[in-house]
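Order-wise, the sequence lines are chains A and B. Taking the working numbering, the leading residue of the first sequence gets 37, the next gets one more, and so forth. Taking the working numbering, the leading residue of the second sequence gets 57, the next gets one more, and so forth. Below is one structure, written out as structure tokens, with a few remarks after it.
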Amino acid sequence: MAGISFAFAGSPRLDRGVARHYGARRFGRGAGAYRAMSEGEPSDPLSRLGEKLDRARSRARAGGSGPAAEGGALGFGLRIGIELIAALIVGVVLGLTTDYFLGTRPWGLIAFFFIGSAAGVVNVFRAAQGLGRGGRPPGGKG
Amino acid sequence: MSGVAGEGSNPLEQFVIEPIVKLHIGSVDVSYTNSALLMTIAIVLIAALLIGGTRRAALVPGRLQSAAEMAYEFVAGMVRENIGHDGMEFFPLVFSIFMFVLFGNMLGLIPFSFTFTSHIVVTFALALFVFALVTAVAFVKHGIRFFGFFFPSGAPVVMAPILIPIEIVSYLSRPVSLSIRLFANMMAGHTMMAVFAGFVIAVPLFGFFPVLINVALYGLEVIVAALQAYVFTILTCLYLRDAVHLH
Chain A
37 MAGISFAFAG SPRLDRGVAR HYGARRFGRG AGAYRAMSEG EPSDPLSRLG EKLDRARSRA
97 RAGGSGPAAE GGALGFGLRI GIELIAALIV GVVLGLTTDY FLGTRPWGLI AFFFIGSAAG
157 VVNVFRAAQG LGRGGRPPGG KG
Chain B
57 MSGVAGEGSN PLEQFVIEPI VKLHIGSVDV SYTNSALLMT IAIVLIAALL IGGTRRAALV
117 PGRLQSAAEM AYEFVAGMVR ENIGHDGMEF FPLVFSIFMF VLFGNMLGLI PFSFTFTSHI
177 VVTFALALFV FALVTAVAFV KHGIRFFGFF FPSGAPVVMA PILIPIEIVS YLSRPVSLSI
237 RLFANMMAGH TMMAVFAGFV IAVPLFGFFP VLINVALYGL EVIVAALQAY VFTILTCLYL
297 RDAVHLH
């Protein structure tokens, strides 16, 4: 909920009355930070560009670190929950369908309910396993 | 966010599908709805972005070209990273899915518009398409060996009667989880915003407070919109990789 804290952090500045060039000050700060960051690099624009290109290329070759996978704990929790529920839904639907066509009234549902639960746990296990490897497959084997 | 909550208005009202042009083929209702309108707008905007961005391609890109190239590079990187270089044959498909979902999510954030990705029919149709395609690709590339996918290598054969149904259900649950994830995220966020908008009227004196929260929520929703488009696409890539490389 970074957004909320931003809203509050921003509001006291509004009524201070010193209001001078919000945008410009911000921009200046950003540019300063950038300059500080790229300190110690050759000042020659061409070689700086060359270095930037090298960095971009190596990033492309290494396969990139990728954006922060799935945005935090809430996203991860939701994802795990959905994996579990989805398999359960599929299991129950398969069970009901089996019962409907084969006339095995409760047994298909019972069997597929348990299979669905097991598949849900398998899904969750795979999703959790993939967490450390930067968003690797929830269904991948390998 | 069409449901700018008036008195006693329903936060779910924003998800109502309204026919704009009523059409019937036989007994099938094929009306042109607000959902279809937003899809059309999304496609037109995507086409405009890409055509406009590449029409006058310059060495130093302009704003439009820059946006188009960023989108291309982003998806191309994702495909290369997750499927591999031979996966670039799927790039047009993955790119289309990404742009469609992204624009659907983003357009839904414009007040009084409609979020077509907040309907499970839409997301499930997309996910089912991906699922069918992945299965077809796996069959074409590997033929009968595809069924080996349902038996984890190294497991004792005695376990097969238990493991194979579990693996099949797990495989079948992919389109379900893919579609539920997108639909639930979009619907939950938009409902939450409408509920907080309703509080503005419900709380007479401190009405500004829900507005502040809504501003924050709106920012969060922009992130969620982009993130869910990314997640949908990357999962498509991962499924395609499973199909291409199988294990």
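C-beta: ideal position from N, C-alpha, C; glycine also.
When you compare only the Cα positions, how much space is there between residue i and residue j?
i      : j      : result
B/V213 : B/N138 : 31 Å
A/R61  : B/Q121 : Reliability fails at A/R61, whose pLDDT of 46 lies under 50, so the model's placement of it is uncertain and no value is given.
A/G102 : A/T140 : Its pLDDT being 41, under 50, A/G102 is placed unreliably by the model, and nothing is read from it.
B/F154 : B/N161 : 11 Å
A/G168 : A/G111 : Low confidence applies here, because A/G168 scores a pLDDT of 45, under 50, leaving its location unreliable and the question unanswered by this model.
A/L85  : B/R112 : 24 Å
B/A299 : B/T191 : 7 Å
B/L276 : B/V259 : 23 Å
B/A104 : B/V116 : 20 Å
A/V129 : B/M144 : 36 Å
B/A98  : A/Q165 : 36 Å
B/I81  : B/A92  : 17 Å
B/L184 : B/P221 : 20 Å
B/M248 : B/A272 : 12 Å
B/M215 : B/V131 : 40 Å
B/E69  : B/V193 : 40 Å
B/H141 : B/V77  : 45 Å
A/F161 : A/G144 : 25 Å
B/M134 : B/Y128 : 10 Å
B/F147 : B/G254 : 43 Å
B/H170 : B/R136 : At residue 170 of chain B the sequence reads Phe, which differs from the His that was named. Roughly 33 Å separates the two Cα atoms.
B/L268 : B/A244 : 19 Å
B/D85  : B/I176 : 18 Å
A/R49  : B/V256 : Note that A/R49 scores a pLDDT of 43, beneath 50, so its modelled location is shaky; the value from the coordinates is reported in the next line. Near 24 Å, if we compare the C-alpha coordinates of B/V256 and A/R49.
B/A281 : A/V158 : 28 Å
B/R237 : A/I125 : 14 Å
A/P142 : A/Y136 : 10 Å
B/P266 : B/L182 : 35 Å
B/V100 : B/V72  : 23 Å
B/F262 : B/F239 : 32 Å
Relative to the C-alpha of residue i, which residue among the options is closest?
i      : options                           : result
B/L228 : B/L79, B/F265, B/F187 and B/A258  : B/F187
B/Y88  : B/E74, B/S209, B/V100 and B/A98   : B/E74
B/T292 : B/S83, B/L189, B/G164 and B/I166  : B/L189
B/H246 : B/L261, B/E223 and B/Y274         : B/Y274
A/A155 : A/D135, A/P142, A/G127 and A/L132 : A/G127
B/N241 : B/F202, B/S174, B/I257 and B/L261 : B/S174
A/F148 : B/I224, B/A194 and B/I236         : B/I224
B/T179 : B/V287, B/H301 and B/L302         : B/V287
B/V278 : B/N66, B/L158 and B/P217          : B/L158
B/L302 : B/D85, B/S209 and B/A285          : B/S209
B/F168 : B/F252, B/I257, B/L94 and B/V256  : B/L94
B/K197 : B/N66, B/S83 and B/L296           : B/L296
B/P67  : B/A181, B/L261, B/Q284 and B/V251 : B/V251
B/Q284 : A/P81, A/T133, A/R115 and A/L138  : A/R115
A/I146 : A/Y136, A/F137, A/L132 and A/L138 : A/L132
A/A163 : A/I151, A/G117, A/P81 and A/D80   : A/G117
B/N270 : B/L149, B/G118, B/L165 and B/F205 : B/L165
B/S102 : B/F264, B/L163 and B/V72          : Residue 102 of chain B is actually Ile in this sequence, not Ser. If we check each option's Cα against that of B/I102, B/L163 comes out closest.
A/G152 : B/S226, B/S83, B/G199 and B/F262  : B/S226
Within the 8 Å Cβ cut-off, does residue i reach chain E?
i      : result
B/L158 : As a matter of chain content, chain E is missing from the structure shown, whose protein chains are A and B.
On the DSSP bridge list, what partners appear for residue i?
i     : result
B/D85 : B/H80
B/P75 : B/T89
Following the continuous alpha helix (DSSP H) through residue i, name the residue where it begins and the one where it ends.
i      : result
B/M243 : A216 to A258
A/N159 : R141 to Q165
B/F195 : I176 to H198
B/F206 : That residue, B/F206, is in no alpha helix (DSSP H); it is neither H nor E in DSSP.
B/Q70  : Segment: none, B/Q70 is in no alpha helix (DSSP H) and carries neither H nor E.
B/P266 : F264 to H301
B/F154 : F147 to G164
B/L261 : Per DSSP, B/L261 belongs to no alpha helix (DSSP H) and is neither H nor E.
B/G133 : R119 to N138
Cβ-heavy atom distance between residue i and the ligand COA below 7 Å?
i      : result
B/P208 : Ligands are entirely absent from the displayed structure, and the ligand COA is therefore not among its contents.
Original post:
Pairing CB atoms from the stretch 224-242 of chain B with CB atoms from the stretch 116-128 of chain A, are three or more of them under 8 Å?
Top reply: yes
**OP:** Examine the Cβ distances between the stretch 141-153 of chain B and the stretch 281-297 of chain B and report whether three or more of them are shorter than 8 Å.
**Re:** yes
Original post:
Hey, is the stretch 122-138 of chain B in contact with the stretch 99-109 of chain B, meaning 3+ C-beta pairs nearer than 8 Å?
Top reply: yes
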